[in-house]
C-alpha cells in the first residue's frame, strides 16, 4: 500500500520505518524538504536531525506534504496536533478526498510549560476538527494513546497484550485501519464508535502524561480488562 | 475506622456497604435524612429508593452531611460532581479540617444529554476545586475511573488484575487511602503525584463512557501494562 506519513518527528519516523519494514511504499511528508534535510541539529524533542534518520532509511522517501499525499492510498497525520490542520491544508484538500486519513496526533498545548494541557478537549476533538475541515477525507482516530514505539510494534511490551482504540464515521475506513493495526501486532482493537468518540481517546493524554511522570518511562500501555 | 460516605446514590451505597462489611463504622450522609428516607420511587438512575437499601443494611447509619462528617476519621465524597462543593459545605468546613477527604466524584455534565461531558477538565479538576474550597482537608482523588462495584470489590473482575490511581498533596493521606484500596482488594495502586494529577484521572471519564457504550457493560477496567 502507498502510505504518506505526514510529520518528521519521532512519531512519523517510527511509523514510517515500521510501514516500510512491513513492505508498504512510504513517503514522509514535510513542509519544506530542503530545509528539513538541511537541519544538522537535534529537533526540539532532542531527536537526531531528520536527514540522519532519512539516510539510515533509504526505502522511505521524503517529500512535501502535497507530494507525499497525492499518490497515497492512506495518509497518516503524525504532525504535532497544533500544526495538523495547516499541514493537511498544505497536503491539499484534493489529495485527501476519499482517502483514509489516520489521525494519530494529540492537540498538546505546551504554552504553559510541562505537563502540557490539551488545546481542544472534552466537547470537541482534534479528529473532529480535521474531519470538519476536510469533509471528504475518511478520518479515523487511533494510536494516539501510546508511545510511538508501541504504536508501531506493540509486541515490544507484554507480547502485545494491551489495547488500542479506533474512532471514525466510516466503517470501511475503520476496517482498513484495524487491519493495519493488526499488521503492526495489535491484538485488542476496540471500536469506540463514531468520530466524536475521539474525545475519549484524546483525553487519555492527561493521564498518559502523568503516568509517564509517575512510572518514569513511556513504555507502558492501557489494557482494557473485561 | 469511622467513615462518612457522603452521597446516597449507587456509588455511595456500594462503598458504604463494602466498608461496613470490612468492619468500619459507616455513616451515609445526605442533605435531608427524612426526605431521603421518605422517597418511594427509584432515583434518577433507576436505583431502588434509598430507604429500601438502608433497611437491608442496618449496620450503616443514615445522617445529615454534617452529622456524618463530624465524628468521621475519613470522609468519602460520593456525591455527584456538580453537587460536591455544596454537599461538602453542608458537611461543614470544621468537620473536614485535618481529615482525609477521599474524592471519588466525577464532574459530569448531562446538560447536553448523553454522553455527558465534563464541567471541569483539562486545566483544572474537581479535586483541586474541592481542595481550594476546603484547604484544611487532605483531599485524595481515587477510584473515579471505574464502576462502583469494582471500586469496592475489584476481585469481581479478572481477580483484581487491574489498576487504580491516587492523586493528592499529602503523602500520609495518600497512604491512608492506598491501604483502604488494598483492603478492598486493589493490588495495583499507582500514585500519580500531587492533586493536579487528578486532571489526568478525571479526564479518563470521556473514554470510560465510550468504552461502556462500545462494550455494552460497565464491568471493565483499565490496567496499566508495564
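Residue numbers (this note's numbering), protein chains in the order written: chain A, 2 to 227; chain B, 2 to 227. For each residue, glycine too, the CB sits at the ideal point set by N, CA and C. These numbers were taken from a predicted model, which means no experiment stands behind them.
Contacts of residue i in chain A (Cβ-Cβ under 9 Å)
| i | result |
| --- | --- |
| residue 117/B | Neighbours of residue 117/B on chain A: none; closest Cβ ~10 Å, over 9 Å. |
Interface residues of chain A facing residue i [CB-CB closer than 7 Å]
| i | result |
| --- | --- |
| residue 66/B | Within chain A, no residue comes near residue 66/B; the closest Cβ sits about 29 Å away, beyond 7 Å. |
| residue 147/B | Per Cβ cutoff of 7 Å: no residues; residue 147/B is ~10 Å from chain A at best. |
| residue 198/B | 211 |
Reduced DSSP secondary structure (H/G/I, E/B, other) of residue i
| i | result |
| --- | --- |
| residue 112/A | coil |
| residue 8/A | coil |
| residue 178/B | helix |
| residue 217/B | coil |
| residue 15/A | helix |
7 Å Cβ cut-off: residues of chain B touching residue i
| i | result |
| --- | --- |
| residue 124/A | 118 |
| residue 204/A | 204, 207 and 208 |
Chain-ordered neighbours of residue i on chain B, where CB pairs are closer than 9 Å
| i | result |
| --- | --- |
| residue 192/A | 215 |
| residue 159/A | 226 and 227 |
| residue 51/A | What residue 51/A touches in chain B: nothing, since even the nearest Cβ is about 30 Å away. |
Contact set for residue i: own chain, Cβ-Cβ below 8 Å, skip 5 residues either direction
| i | result |
| --- | --- |
| residue 1/B | Since the first and last residues shown for chain B are 2 and 227, residue 1/B lies out of range. |
| residue 83/B | 108, 109, 110 and 120 |
| residue 188/A | 155, 161 and 162 |
| residue 34/A | 63, 64 and 65 |
| residue 49/B | 43 |
| residue 23/B | 184 and 185 |
| residue 90/B | 134 |
| residue 179/B | 167, 190 and 192 |
| residue 32/B | 65, 66, 88 and 91 |
Cβ shell of residue i (< 6 Å), same chain only, five flanking positions each side left out
| i | result |
| --- | --- |
| residue 117/B | 109, 110 and 111 |
| residue 132/B | 140 and 196 |
| residue 122/B | 204 |
| residue 6/A | 13, 16, 17, 29, 77 and 79 |
| residue 62/A | 28 |
| residue 101/A | 75, 139, 174 and 177 |
| residue 72/B | 3 |
| residue 25/B | 2 and 4 |
| residue 11/B | 48 and 149 |
Contact with chain B by residue i, beta-carbon distance below 8 Å
| i | result |
| --- | --- |
| residue 187/A | no |
| residue 152/A | no |
| residue 132/A | no |
| residue 135/A | no |
Neighbourhood of residue i by C-beta distance below 7 Å, restricted to the same chain and skipping five residues each side
| i | result |
| --- | --- |
| residue 14/B | 54 |
| residue 171/B | 139 |
| residue 164/B | 189, 191, 223, 224 and 225 |
| residue 181/B | none |
| residue 153/B | 15, 16, 19 and 185 |
| residue 96/B | 67, 70 and 71 |
Within chain B, partners of residue i - CB distance below 8 Å
| i | result |
| --- | --- |
| residue 201/A | 207, 208, 209, 210, 211 and 212 |
| residue 162/A | 226 |
Cutoff 8 Å: residue i Cβ touching any chain A Cβ
| i | result |
| --- | --- |
| residue 183/B | no |
| residue 220/B | yes |
Any non-hydrogen atom of the ligand ATP closer than 7 Å to residue i Cβ
| i | result |
| --- | --- |
| residue 24/B | With respect to the ligand ATP, the structure shown offers nothing to examine, as it has no ligands at all. |
Practice problem: Would you mind listing the alpha helix (DSSP H) stretches within the stretch 80–143 of chain A that are 4+ residues and don't spill past its ends, in chain order? | Solution: Those alpha helix (DSSP H) runs which fall completely within the stretch 80–143 of chain A and span 4+ residues are 85–92, 94–97 and 127–134.
Quiz prompt | Whole beta strand (DSSP E) elements within the stretch 19–67 of chain B, 3-residue minimum | solution = For the stretch 19–67 of chain B, whole beta strand (DSSP E) runs of length 3 or above, ordered along the chain, are 26–31 and 62–65.
Quiz prompt | Within the stretch 156–205 of chain B, ranges of the beta strand (DSSP E) (whole runs, at least 3 residues) | solution = Within the stretch 156–205 of chain B, the complete beta strand (DSSP E) runs of at least 3 residues are 164–169 and 189–194.
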